[in-house]
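The opening residue of the sequence shown carries number 1 in full-length UniProt numbering; numbering runs sequentially from there.
Backbone N, C-alpha and C fix where the C-beta goes; we use that ideal spot for every residue, glycine too.
The structure under discussion appears below in the form of structure tokens.
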Amino acid sequence: MNQPKLTIVIPAYNEEAVLPNTLKILLKIENNLITSKKIALNSDLLIVDDGSSDRTWQIIQTVHAQQPHINGIKFSRNFGHQNALVAGMTAAIQTAAVVITIDADLQDDPNAIQAMVDKYLHGAEIVYGVRNNRETDTWFKRTTANLYYATLAGLGVQIVQNSADFRLMSKQAIETFLNYDERNLFIRGIIPKLGFHTEKVFYKRMPRMAGESKYPLKKMLAFAWDGISSLTVAPIRFILAFGILVLFGTFMTFLLSLFHLFTLSTVVLSIWLIGGIQLVSLGVVGEYIGQLTTEVKHRPRYTVQETLITASAADPFQAPLFASQMTTAAQKEAPTSTKAGLKHGYQYQ
1 MNQPKLTIVI PAYNEEAVLP NTLKILLKIE NNLITSKKIA LNSDLLIVDD
51 GSSDRTWQII QTVHAQQPHI NGIKFSRNFG HQNALVAGMT AAIQTAAVVI
101 TIDADLQDDP NAIQAMVDKY LHGAEIVYGV RNNRETDTWF KRTTANLYYA
151 TLAGLGVQIV QNSADFRLMS KQAIETFLNY DERNLFIRGI IPKLGFHTEK
201 VFYKRMPRMA GESKYPLKKM LAFAWDGISS LTVAPIRFIL AFGILVLFGT
251 FMTFLLSLFH LFTLSTVVLS IWLIGGIQLV SLGVVGEYIG QLTTEVKHRP
301 RYTVQETLIT ASAADPFQAP LFASQMTTAA QKEAPTSTKA GLKHGYQYQ
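Shown next, in the form of structure tokens:
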């Protein structure tokens, strides 16, 4: 049986502090899989630079010049982590049979990659990386994450708990995923809808090697809401049910007021309460309308400014050479790369 080509997709935003070491680790893992004849000789890495303002792209240029199997895509600006994943997966399946996505900070244990590949070779089309230990996260982050998963479950959203965007997907699974042509993406909520044979690999979440988290509280809250609003209309149904309840309560208040059981201040407070509920309800409905407006415009998810993608080659990785050169070469001035022009959406020709 021919070994499948594996592409590891790495979204990166201002990751110059960790990227050299990340590439060295992932390249070694892929080289071990090649040596054990589990993946093809021309397996590669693909880094998607999500509009970084530091030296992330210069590092990608440098290592690509040394190792053509390390490829890069550069966005014209920051389009977000989810769009970076889509761009990477779309480009990868042009030549790869299987794709693994993993964040550049390697808090998701890269040593789980071999177990993912093993499950793929035994028939799995999707393999989730699931965190069984989050001791490196703060108490606040663990608590809010558990609350969020519970909320999604309560709203009827199918999601793999403690699984983020570290996963393996076959080409067929990714092609099916790309049929979901929505702009407000919550990938970890869409993947379980695809079906296919799925498996899980459990791992311990690692501390960040360097740099800072690219998901501050504000961005996390926005992402959490995108997850809810893009996957379910339950909040609107909740508003409808609550509106019926308020209507019933108003009718009961009217009946009781006939017997002078309510004072004027009570009535005024009730009006303020109902007014507040109406404003919140309008806000929720407005968020859904705003998302609909974004969807119907069909704007491109992202714009690719530049690419460094080598045509599928047959020669194997040179991991020892790369490992010895990375520390110094990544600090040198990057060579001029070939411009790919501006490409929109997610087609790479």
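Have a look at residue i and residue j and give me their C-alpha separation to the nearest angstrom.
| i | j | result |
| --- | --- | --- |
| residue 111 | residue 74 | 27 Å |
| residue 279 | residue 197 | 44 Å |
| residue 167 | residue 240 | 37 Å |
| residue 173 | residue 142 | 30 Å |
| residue 139 | residue 293 | 37 Å |
| residue 68 | residue 150 | 44 Å |
| residue 328 | residue 232 | Note that residue 328 scores 39 on pLDDT, short of 50, meaning its location in the model is unreliable and no value can be drawn from it. |
| residue 6 | residue 60 | 19 Å |
| residue 8 | residue 41 | 14 Å |
| residue 116 | residue 127 | 6 Å |
Judging by CA-CA distance, which residue of the options is the nearest neighbour of residue i?
| i | options | result |
| --- | --- | --- |
| residue 96 | 104, 46 and 78 | 46 |
| residue 50 | 170, 29 and 301 | 301 |
| residue 200 | 131, 145, 248 and 194 | 131 |
| residue 4 | 180, 143, 189 and 120 | 120 |
| residue 80 | 282, 308, 304 and 310 | 304 |
| residue 295 | 182, 60 and 226 | 182 |
| residue 206 | 117, 251, 103 and 189 | 103 |
| residue 188 | 160, 94, 285 and 63 | 160 |
| residue 92 | 14, 171 and 180 | 171 |
| residue 308 | 190, 71 and 86 | 71 |
From the DSSP secondary-structure annotation, give me the bridge partner or partners of residue i.
| i | result |
| --- | --- |
| residue 169 | 99 and 126 |
| residue 11 | 48 |
| residue 70 | 45 |
| residue 198 | 126 |
| residue 203 | 131 |
| residue 75 | 304 |
For residue i, does the count of other Cβ atoms within 10 angstroms reach 16, so buried, or fall short, so exposed?
| i | result |
| --- | --- |
| residue 125 | buried |
| residue 12 | buried |
| residue 244 | exposed |
| residue 242 | exposed |
| residue 153 | exposed |
| residue 58 | buried |
| residue 18 | buried |
Whole-angstrom Cβ separation of residue i and residue j, contact assumed at under 8 Å?
| i | j | result |
| --- | --- | --- |
| residue 148 | residue 224 | 6 Å |
| residue 109 | residue 204 | 6 Å |
Are the C-beta atoms of residue i and some chain B residue less than 9 Å apart?
| i | result |
| --- | --- |
| residue 307 | Among the protein chains of the structure shown there is no chain B, as only one such chain exists. |
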